[in-house]
Each structure stands twice: as structure tokens, then as C-alpha cells.
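Everything below concerns the one structure shown next.
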Amino acid sequence: MRNKIIAGNWKMNKDLSETKGLLNDLKTKVGAGLGGVQVIVCPPFTSLALAAELLKGSTIKLGAQNMYFEDEGAFTGEVSPKMLKSAGCEYVILGHSERRQIFGETNELINKKVKKALASGLLPIVCVGETLDEREKNITDQVVTSQVKGALREISSADMENIIIAYEPVWAIGTGKNATPQQAEDVHRLIRKLIGQMYNWTVAEKLIIQYGGSVKPDNAAELLKQSNIDGALVGGACLKADSFTQIIQSANVV
Ligand code: PEP
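Numbering of the sequence shown is given in my numbering, commencing with residue 1 and proceeding in unit increments.
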């Protein structure tokens, strides 16, 4: 039985005072009642050090939304895994569809980042998912398969214990149109089977696969009930303590 992991991707939201407000609110609402659910918040870079300070003594973990694959150097505007670690991060989201679509990230680049994150002791949350056009062309399975294979190229089975995969259909992100529990479960099962083929069934069974794409308090429970859905990567609904807490609570009861 895998524990549920709920992560909140704040995207480019919340300045320092808003970060303080949201995290204090979240700590009060979530309290000690996380049960077996692991909660991760991923604020923007500018809020990470403050968030780490505010989360001291809490079981809520900290993650970043992106990183570069070098420790330091002439890479204007980039942030390194070493910097993320020193700011208090344990997790890092890699290959989010907004990074792929808006910033042109490829599977090859994402793979470099995954390797560097692992080597630096950060736990990557690797995002994959098809566009609406790809779903309509019935090539979801091929797209997701090539994204998973591309992102995990040369990753050892030992390292797989430190990776989370987030299946996020692009057409469901920020649109209010979530995948049905069955649509999501089908792709999650495909990913687990693929990991079983690439590694072995022990690795596949342990892998946490989160669903992301318009997860809200009113649809979280049904999604999280599916046997291959081990958590959620939440965008919009994590920006308010109330809705994020309700999603966490849904994970606690399934
Ligand atoms: C996301 O950003 O990963 C996401 C799933 O966003 P939303 O929940 O707003 O669809």
C-alpha cells in the first residue's frame, strides 16, 4: 500500500507577505491531522527561504517548481539544485507542461535535470501528459510513454525510489476540466506497467504516481480512490488554505 502525496504547485503566485499568510493558514488548518498523507508545497523561488522558516517544526515539506542542471556559473536567471537545497527544498517539480510549452523544455533537458536533482539529493516530481490534440488523435499512450522514457533515460532502479511521476493531461491544467477518474486511472496504470517493463515490478509497485489537472475539493476523493492514483499535484486549488486542506483530507480518508 502506497502512502498518498499531495503537492501544491503555486506557480507564479504569492509574494512574501502572501506566502506568510497562506502557510500560516495552512499550518493551522492542516494541524497535525495529516495521517499517512505527505504534503508538499512548491512556492516560487523568491518565497522558498521564507517558506522553509515558516515550515520549521511542521510535517509539510518544501519543493521548488524548476531548477537548472548545473550547481553554479554563467546561467543568468537560473537557479541551481545546490541553491534549492540551501533554501530548504527536498523536492523539485521538473518538466511541468508549462515549462515544456512556454519555455520549450524537451525530454532531453528534463532528463538532465532529473539526473542532477537526484545527484544533488533532491526528489524530483517528473510531470508528463498529453495535449488535447494528442488525446483526440488517440496517441496519449505513445506521448506519455515517450515522455516517461525520455525523462528517465539512464536512471537506475535504486534512483527510482526517489522519483515521483505526476500525470498531468495538459488539457486539464487550469481549465477546470479534470480527467475522469477512469481516464486518469487508465494512464496511471499504463505508466506503472511501463515502469515495470523498464525496471521491474517491485520498482513499479513502489512508484508514487500523482494526478494533476484541475483537482478540486469536489473531485479529489473520486480521483484518489483509484488504485493507481497515489496523490495529486494541485495548481489553482492550492492557493487557498481551505481548498488545499480539503483535498489533503480527501487523501486521508481513501
Ligand atoms: C498544475 O499546475 O500542475 C495543475 C495541475 O494546475 P491546476 O490544478 O490549476 O489545473
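All C-beta atoms in this analysis are idealised placements derived from N, C-alpha and C, irrespective of residue type, glycine included.
Closer than 6 Å: is that where the CB of LEU233 sits relative to any heavy atom of the ligand PEP?
-> For the ligand PEP, at least one heavy atom lies less than 6 Å from the Cβ of LEU233.
Three-state secondary structure assigned by DSSP to GLY150 | helix
Residue environment, TRP201, which counts as buried when at least 16 other CB atoms sit within 10 Å | exposed
From the DSSP output, in three-state form, read off GLY236 for me.
-> helix
Segment contact, 8 Å Cβ cut-off, at least three pairs: the region 187-200 with the region 27-40 | Taking 8 Å as the limit for Cβ pairs, the verdict is that the region 27-40 does not touch the region 187-200.
Length-filtered (4 minimum) alpha helix (DSSP H) runs lying within the region 104-191 | 107-119, 132-136, 140-151, 157-160
When the Cα of GLY73 is compared with those of VAL143, LYS82, ASN66, which residue comes out closest?
-> LYS82
Should GLY95 be counted as a contact of the ligand PEP given a C-beta to heavy atom distance under 6 Å?
-> no
Throw me the rounded Cβ distance for the ASP230 and ILE208 pair, which I believe falls under 8 Å.
-> 4 Å
PHE75: buried (16+ other C-beta within 10 angstroms of its C-beta) or exposed?
-> exposed
With 16 as the cutoff for other CB atoms within 10 Å, does VAL253 come out buried or exposed?
-> Under a 10 Å Cβ-count criterion, VAL253 is classified as exposed, with fewer than 16 other Cβ atoms of the shown protein chains found around its own Cβ.
For LYS225, name the three-state secondary structure that DSSP assigns.
-> Three-state result, LYS225: coil.
LYS11 to LEU62, Cα distance in whole Å?
-> 14 Å
Do SER156 and GLY129 come within 7 Å of each other at the CB atom, strictly closer than that value?
-> No, Cβ-Cβ distance for GLY129 and SER156 is not below 7 Å.
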